[in-house]
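S.K.:
Residue numbers (UniProt numbering), protein chains in the order written: chain B, 1 to 350; chain Y, 1 to 350.
Structure follows, in structure tokens:
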């Protein structure tokens with residue numbers, strides 16, 4: 001801890017994303033004067049080491065936020081719904097990694113590379129988008145700025161860590177059982193609170209989150225609605241199919257998009273992405289260079305490759321977008337939102 | 001063997017698809033008078049049991065086909081290029097599971113449910129399409145017949161057995177190594193003859209087959225070109241992104257398509273598919289019913305679910321198509337071609 005900086009609270013400190021939040025704060029040397037770790041009653045009492053200092057996790061209550069400057073929430077939607085307003089009321093700026101407030105018109109939904117100016121309108125709560133949305137809009141925004149954007153169709157290849165530590169354990173346990181010729185158990189995926197659970201090891205499950213009446217899942221609708229909100233394109237045509245795969249960490253996306261300009265060359269898309277913030281272009285088919293989830297783990301960037309012009313539509317292109325879903329997809333983006341608030345002088349230590 | 005029936009040769013009898021060919025011939029009680037098993041010199045001498053009878057695999061040579069009625073080829077494109085014409089010249093009907101002749105205008109490319117009438121034009125060689133193409137066109141054809149078809153965009157989720165037994169072994173070996181905390185080796189995938197090889201276990205590789213100059217892989221171009229040929233729609237808009245996943249068997253596909261008719265309801269698409277040959281509709285989101293590769297292995301059908309209308313395009317729909325890539329995607333379709341030849345009186349035992 002330093003003498004200058006902020007009193008930061010991490011809510012959900014013991015979860016998959018919470019752990020990455022702490023790693024990210026430490027790695028980026030975020031200006032922390034004091035760190036408070038909060039969780040559900042169940043995890044309270046656990047001890048976590050941050051920068052060599054042991055901190056005991058406390059149960060999150062409204063009073064927990066009395067002295068907090070920045071509260072990073074990642075403990076599930078119901079915790080955010082109950083406690084984020086309590087934190088904001090007490091003067092903390094909440095950066096919420098759940099879906100609780102993302103579509104609230106009063107709450108900015110932020111990917112700093114795309115729409116940091118929306119931070120100016122915050123009223124105490126700022127939402128961090130869904131992991132699959134973040135990496136896609138980070139790649140689409142520079143393309144849209146250069147050539148316009150009319151349409152997006154995405155099929156995702158999502159890692160289990162997006163469903164939490166229990167899902168990672170389920171993948172590992174099932175894989176060990178199969179390798180050892182034993183029976184498997186499925187209790188978590190695709191959705192722990194849904195009735196049926198399916199094997200994820202050596203399988204593909206075309207369900208992430210629950211189903212809506214229109215046949216799309218909530219995960220798919222998050223990608224659709226959040227993309228429109230972040231990019232401020234309410235009429236953008238977007239559709240998504242979201243699929244869970246036997247990969248621990250690293251989401252991939254097969255994205256088809258149509259630009260507004262005519263006669264754009266693949267090399268122009270590559271050029272725009274190669275100089276875009278937070279994007280790394282890995283696109284050289286002749287040398288078999290393209291992004292893959294196994295090689296993105298622990299890295300901050302959004303990796304883009306396999307860019308090619310559609311064979312039928314002059315304005316259509318395909319690309320393959322990969323990122324660490326726990327970092328840019330969650331923890332890193334949340335910390336970057338906090339850093340951007342500081343840079344833009346939108347928050348001051350109390 | 002029976003007294004009535006055909007002298008059948010299986011070329012590539014020891015490979016992943018060859019083994020499934022034999023299983024399929026046996027399971028469907030294909031009318032075989034005599035069975036000749038052929039392979040490369042390397043595998044010759046191996047013994048394989050068919051219907052309780054041990055058969056020694058022989059090296060495939062031009063003379064091997066002297067007395068053959070039906071030759072099922074699945075030993076790689078170079079073997080088919082060298083020997084399929086030799087077999088045809090000697091009076092055998094060749095059903096070739098490689099890509100060697102698929103785009104040859106003189107060679108029918110057949111999915112029996114879609115275009116069996118093209119069998120009438122065969123000149124000794126008939127091509128079996130790529131595994132990913134077969135399951136997609138099987139699902140698209142009944143939709144096209146009912147409502148027309150303008151456009152197809154597919155992202156695939158492909159199993160390693162499509163790359164042969166060595167690839168399955170590589171996935172298993174890597175998975176065991178990772179589970180046991182050991183180093184992994186990658187020598188086969190994505191393309192054994194390419195320079196670089198990548199981990200497939202707990203990963204997604206966006207390369208199947210080599211790259212073409214236009215940025216698409218050969219696998220993607222097979223899906224595009226074969227779909228147009230089989231459906232006889234040279235101007236159909238088709239694009240594909242093909243991805244290899246840590247799944248042993250069972251290809252999945254996220255398919256976006258646009259029909260010609262207006263105001264088609266999702267229920268009409270479901271109705272058409274529920275009565276289509278070779279298709280099983282598994283589509284009930286409220287009960288979490290949708291197809292998955294782990295549950296399609298060993299089954300003959302093409303499973304379709306997650307059918308839903310696009311939110312922006314009245315003519316646009318999404319669906320999820322799953323099938324056993326070694327059965328309908330390869331061995332079963334080849335045997336079905338042979339059965340259809342018999343049904344249509346296009347072949348007679350010599």
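For glycine and all other residues, C-beta sits at the position ideal for the given N, C-alpha and C.
Because the structure is a prediction, the values reported are computed rather than measured.
1. By a C-beta neighbour count over all protein chains shown, 10 Å radius and 16 as the cutoff for buried, is residue 267(Y) buried or exposed?
2. Decide if residue 352(B) is buried, meaning its Cβ has at least 16 other Cβ atoms within 10 Å, or exposed.
3. Using the beta-carbon count (16 or more within 10 Å), is residue 203(Y) buried or exposed?
4. At which residue ranges does the region 257-290 of chain B contain complete beta strand (DSSP E) runs of 3 or more residues, listed in the order of the chain?
5. Any beta carbon from chain B within less than 8 Å of residue 203(Y)'s own beta carbon?
6. Take every Cβ of the region 61-77 of chain B, pair it with every Cβ of the region 5-18 of chain B, and state whether three or more of those distances are shorter than 8 Å.
7. Using a threshold of 8 Å, state whether the C-beta atoms of residue 39(Y) and residue 59(Y) are closer than that.
8. Could you tell me the alpha carbon to alpha carbon distance between residue 41(B) and residue 14(B), rounded to whole angstroms?
9. Does the beta-carbon distance from residue 330(B) to residue 20(B) come in below 8 Å?
10. Is there contact between the region 318-327 of chain Y and the region 132-151 of chain Y, where contact requires at least three CB pairs shorter than 8 Å?
11. Under 8 Å, do residue 293(B) and residue 241(B) count as touching if we go by C-beta distance?
12. Can you tell me whether DSSP reads residue 249(B) as helix, strand or coil?
13. Is it buried or exposed for residue 235(Y), if we count other Cβ within 10 angstroms and need 16 for buried?
14. Do you know offhand how far residue 176(Y)'s Cα is from residue 113(Y)'s?
15. Taking residue 215(B) as part of the alpha helix (DSSP H), name the residues at either end of that continuous run.
16. Where are the alpha helix (DSSP H) runs, 4 residues long or more, that stay fully inside the region 36-94 of chain B, in chain order?
17. Closest Cβ-Cβ distance between residue 271(Y) and chain B: below 8 Å?
18. Let me know if residue 36(B) comes out buried or exposed under the rule of 16 or more other beta-carbons within 10 Å of its beta-carbon.
19. Residue 214(B) CB to nearest chain Y CB: under 8 Å?
20. With DSSP as the reference, please indicate the residues paired to residue 334(B) in a beta bridge.
21. Sort out for me which residues DSSP pairs residue 316(Y) with in a bridge.
22. Pairing CB atoms from the region 212-222 of chain Y with CB atoms from the region 124-134 of chain B, are three or more of them under 8 Å?
23. In the DSSP assignment, what are the bridge partners of residue 6(Y)?
24. For residue 127(B), name the three-state secondary structure that DSSP assigns.
25. Using the Cα positions of residue 306(B) and residue 326(B), report the straight-line distance between them to the nearest angstrom.
26. As an exercise, report each continuous beta strand (DSSP E) stretch of at least 3 residues that is fully enclosed by the region 134-196 of chain Y, in chain order.
27. Determine, using beta carbons only, whether residue 62(Y) comes closer than 8 Å to chain B.
28. In whole angstroms, give me the CA-to-CA distance for residue 188(B) and residue 164(B).
29. At a CB-CB cut-off below 7 Å, which residues of chain Y make contact with residue 155(B)?
30. If you check the beta carbons only, do residue 134(Y) and residue 111(Y) fall under 8 Å apart?
31. Please name the residue in 121(B), 186(B), 303(B) whose C-alpha comes closest to that of residue 344(B).
32. Once you ignore the five residues that flank residue 157(Y) on each side, which residues in its own chain have a CB closer than 8 Å to its CB?
33. Would you mind sorting residue 314(Y) into buried or exposed? The rule is 16 or more other CB atoms within 10 Å of its CB.
34. For residue 196(Y), count neighbouring Cβ atoms within 10 angstroms of its own Cβ and tell me buried if that reaches 16, exposed if not.
35. Helix or strand or just coil, what does DSSP make of residue 232(Y)?
36. Taking only the alpha-carbon atoms, compute the straight-line gap between residue 64(Y) and residue 12(Y) and give it to the nearest angstrom.
M.R.: Concretely, from the data shown:
1. exposed
2. Shown here, chain B extends from 1 to 350; a query on residue 352(B) therefore has no answer.
3. buried
4. 279-281
5. yes
6. yes
7. yes
8. 12 Å
9. yes
10. yes
11. no
12. DSSP places residue 249(B) in coil when its eight states are reduced to three.
13. Looking at its Cβ environment, which holds fewer than 16 other Cβ atoms inside 10 Å, residue 235(Y) is exposed.
14. In this model, residue 176(Y) and residue 113(Y) are separated by some 40 Å (Cα to Cα).
15. Looking at the DSSP string, residue 215(B) is not in any alpha helix (DSSP H), and its letter there is neither H nor E.
16. You should have 77-89.
17. no
18. buried
19. yes
20. Bridge partners of residue 334(B): none, in fact.
21. 258(Y)
22. no
23. 32(Y)
24. strand
25. 23 Å
26. If we require 3 residues or more, the beta strand (DSSP E) runs fully inside the region 134-196 of chain Y come out as 151-157.
27. For residue 62(Y), not one C-beta of chain B is nearer than 8 Å to its own C-beta.
28. 10 Å
29. Correct list: 155, 254.
30. Taking 8 Å as the cut-off, the Cβ atoms of residue 134(Y) and residue 111(Y) count as close.
31. 121(B)
32. 243, 245, 247, 251, 252, 253, 254, 293
33. exposed
34. exposed
35. coil
36. 13 Å
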